[in-house]
Structures are given as C-alpha cells and as structure tokens.
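> Structure provided below as structure tokens; questions to follow.
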Amino acid sequence: MQTTARPLHVVLALIALYLIWGSTYLGIRFALEGGFAPLTMAGIRFLIAGGLMFAVLRFRGVAAPTRAQWRNAAVMGALLLGLGNGLVSIAQQWVSSGMAAVAVASAPLWMGLFATLRGERPGPLEWVGLAIGFIGVLWLNAGSSLTASKLGLVLLLIAPLAWSFGSIWSRGRDLPSPFMTAASQMLCGGALMFAAGLLLGEHVELTPTAKGVWALAYLVVFGSIIGFSAYIWLLRHVRPALAGSYAYVNPAIAVLLGMSLAGERFSPTDLVAMGVIVTGVLGITVGKAWRPRVRTRP
C-alpha cells in the first residue's frame, strides 16, 4: 500500500529523475568513450554506489535486509539494473544518447499495462497524458536527426520492458526501507552486470581516460545514489504513471545535452516533439493530483 508523502518531497524526487537521469545517457556515452566496456562499467558503477550507500546506512543504524528481502532485491536488481540499465549501456555503443532516451521513454506505457494487469488502473487523465507523451516520443523518433542500429534498437526495446515489469513487480513486496532497498538492488544488480561482462569477454579498463573517470564518478554519485534512490522512493509513494513520467522528460534533456556537448545532430522538429512530451507529463501529473488515492493489491 502506498504511504502518504509530502508534495514537496515528491516534486524534488521528480526533478532529480527528470534532470539527472536525462543526463546519464550522455554520461554513459562519455564513460564508454573513455575506455570502459559497457557491462563492467555499469557493474562498477552500481557496486560502488550500492556499497557506499549500504555502508552509510548501516553506520546510521539502518537494519540490513533479511534473507527474503535480499532475494526480492536481487530480482529487482536483475530486472531494473541488469536488463534495464545493462542493455541500455550495451546499446549505446551504437546508438546516440538521445535515441537511447527516446527508446526508454516507452517505459511508462509498459508500466501502465503491467499495473493494469495487477489491478491498479490509471485514471482517464493519466491515460491521456500517457498517450500524448507517447505521441511526442514517436514524433521525436520520426525525425532523422537521431541515429540507431537494429541491434541497438532491439536491446532498447527489451530494456524498458524489463525495467517496467520489475518496477510493478516490486510494489507490495517484502523490502527494506527505500534507501536500503536502493542500496541492496545496486549491489545485486552491479554484481550481476560485472560478472556478466567478464563472462562475455569484457576487460576491466585499468587506465581509463580522465573523461571516462569523471563520467563514471558522475554516474555513481548523481545517476545512481541520488537518482536511483529517488526512483525507489517514488515507487513507494506515488502511482506508476507518475513515477515513470521521467521517461518522457529524459529524451528532451538527453537530446539537448547530446547536441550541445557531444555534437549529436538535432532538428527544429525535435523541439516541437519535446513540447508534446512535456505536455504528456503535465497530463499525468494533473491526473494524479485530481484522482483520489486508492488502496492497491499487495
């Protein structure tokens, strides 16, 4: 069951997702260009972030997860991070950061579908917001300013499916406090990705460039510790449609950053598409605010 959260806290968590996660796609690109391999880079990122969070939380007296909670955290780590983030990291070897964000923007639609199958249906205005946002995503994708490869797009199709299913699956599960949940998931998901990278023949870069090191540090602190913690907290306090609305804003942030910092191609048509995406997010937010809170099935 969802618990009551202060509106200001919800707004701050959403801002963190909208702005920070929109920039992580470019961070992943810079880390790859700095010499890191995708899965081992993602594994190192989440192992460091999860380890730091776990140590701080335990030092502050937060209880460690039980065996059952570790098991649930491992499932979430495999779905959200192993498949969700890991496949995005692999795809960005061939796909621009803007296109990666656009593809992942389908996550709220899948979250709405999985939530419906679970018995938690978004309100009419939320569905309208989801539809408008998806139209904006298609519009942004239709512009030829973004590049993609067939393999990259296949991976970017699977990634949001896994992420969305894991997000909905987690609701009502036996999990520790939100921040400990984030830490345990990052430890489990990071270990899985690092091991998978080694099994697939990736090497651990011992002499990355300064660009790669700074990019990895940004992903650890902002993308993982701050951003992922905010997302896990939102899953506990708001409906899936609102928690997943970040995926409609991230493409605009990612495209703008890719254009200005990485020379990715950009067209005026994309500006209109971004406006449509933001309109969709507004519809989701207003729909959530107007609709009375209801109990959900565990």
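To get the numbering used here, take the position in the sequence shown, counting from 1, and add 594. Every residue gets a Cβ at the ideal spot worked out from N, C-alpha and C, and that includes glycine. Note that this is a predicted model, so its numbers are computed, not measured.
Does S854 pass the burial test, meaning 16 or more other C-beta atoms within 10 Å, or should it be called exposed?
S854 is exposed by the Cβ-count criterion.
> Distance check for L711 and L606, CA to CA, integer angstroms please.
For L606 and L711, the distance between alpha carbons rounds to 30 Å.
> Could you spell out the range, first to last residue, of the alpha helix (DSSP H) harbouring P702?
It spans 701 to 712 - the alpha helix (DSSP H) in which P702 sits, taken as one unbroken run.
> What does the alpha-carbon distance come out to for the pair L707 and A699?
Spanning the two alpha carbons is a distance of roughly 14 Å.
> By how many angstroms is the C-alpha of A625 removed from the C-alpha of G806?
Going from the Cα of G806 to the Cα of A625 covers about 4 Å.
> Just the Cα atoms here: how many angstroms apart are A537 and A841?
Outside the displayed range of the chain (595 to 892) lies residue 537, so it cannot be described from this structure.
> Rounded to the nearest angstrom, how far is the Cβ of R639 from that of L813, given a contact under 8 Å?
5 Å between Cβ atoms; contact.
> My output table needs one value for E899: the three-state DSSP class, helix, strand or coil.
With the chain running from 595 to 892 in the structure shown, residue 899 is simply not present.
> Under DSSP, the alpha helix (DSSP H) around P716 begins and ends at which residues?
Element bounds for P716: n/a, residue is neither H nor E.
> Alpha carbon to alpha carbon, what distance is there between R661 and W615?
Those two C-alpha atoms are separated by around 31 Å.
> Decide if G874 is buried, meaning its Cβ has at least 16 other Cβ atoms within 10 Å, or exposed.
Its Cβ being crowded by 16 or more others within 10 Å, G874 is buried.
> Out of Y612, G730, G628, P601, point me to the one whose CA is closest to V870's CA.
Comparing Cα positions, the closest option is G730.
> How would you label Y810, buried or exposed, when you count the other beta carbons within 10 angstroms and need 16 or more for buried?
It should be pointed out that residue 810 corresponds to Leu in this sequence rather than to Tyr. Answer is buried; the Cβ neighbour count reaches 16.
> Does DSSP classify A777 as helix, strand or coil?
In this structure, A777 counts as helix in the three-state DSSP scheme.
> For L633, which residues from the same chain have a beta carbon less than 8 Å from its beta carbon, with the 5 sequence-adjacent residues on both sides left out?
So the list reads G680, S683, I684, M787, F788, A790, G791, L794, E796, once near-sequence residues are dropped.
> Runs of 3 residues minimum, wholly inside the region 637 to 691: which ones carry the beta strand (DSSP E) assignment?
DSSP runs (the beta strand (DSSP E)) wholly in the region 637 to 691: none.
> From I642, G713, G746, G637, pick the residue whose C-alpha is nearest to that of I762; which is it?
Taking only the C-alpha atoms, the option nearest I762 is G713.
> Please report the straight-line C-alpha distance between R715 and R765, rounded to a whole angstrom.
Cα-Cα distance, rounded: 14 Å.
> Report buried or exposed for G877, applying the criterion of at least 16 other Cβ atoms within 10 angstroms of its Cβ.
G877 comes out buried.
> Counting beta carbon pairs with one atom in the region 648 to 667 and one in the region 770 to 780, are three or more of them shorter than 8 Å?
Judged by Cβ distances under 8 Å, the region 770 to 780 makes contact with the region 648 to 667, as three or more pairs qualify.
> Residue ranges of each alpha helix (DSSP H) run of no fewer than 4 residues wholly in the region 804 to 871, ordered along the chain?
For the region 804 to 871, whole alpha helix (DSSP H) runs of length 4 or above, ordered along the chain, are 804 to 812, 823 to 831, 834 to 837, 840 to 856.
> Taking R623 as part of the alpha helix (DSSP H), name the residues at either end of that continuous run.
Start and end: 615 to 627.
> Please state if the CB of C782 and the CB of G671 are separated by a distance shorter than 7 Å.
Yes, the pair counts as a contact, with Cβ atoms nearer than the cut-off.
> Are the beta-carbon atoms of I819 and M705 separated by less than 7 Å?
No; because the gap between Cβ atoms is not below 7 Å, this pair is not in contact.
> Considering only their Cβ atoms, is the gap separating G852 from S617 smaller than 7 Å?
No, these two residues do not count as a Cβ contact at 7 Å.
> For S823, which residues in the same chain have their Cβ closer than 6 Å to its Cβ, ignoring the five residues on either side in sequence?
Cβ within range, chain order: F773, A776.
> Which two residues bound the contiguous alpha helix (DSSP H) that contains L794?
Neither: L794 is in no alpha helix (DSSP H) and is coded neither H nor E.
> Using a Cβ-Cβ cut-off of 6 Å (strictly less than) and excluding sequence neighbours within five positions of G857, which residues of its own chain qualify?
So the list is empty, once near-sequence residues are dropped.
> Between the C-alpha atoms of V866 and S758, what's the straight-line distance to the nearest angstrom?
So the alpha carbons of these two residues sit roughly 27 Å apart.
> By how many angstroms is the C-alpha of V798 removed from the C-alpha of W808?
Each residue's alpha carbon lies about 16 Å from the other.
> Using alpha carbons as the reference points, say which of L673, S771, G746 lies closest to R654.
The shortest Cα separation from R654 among L673, S771, G746 belongs to S771.
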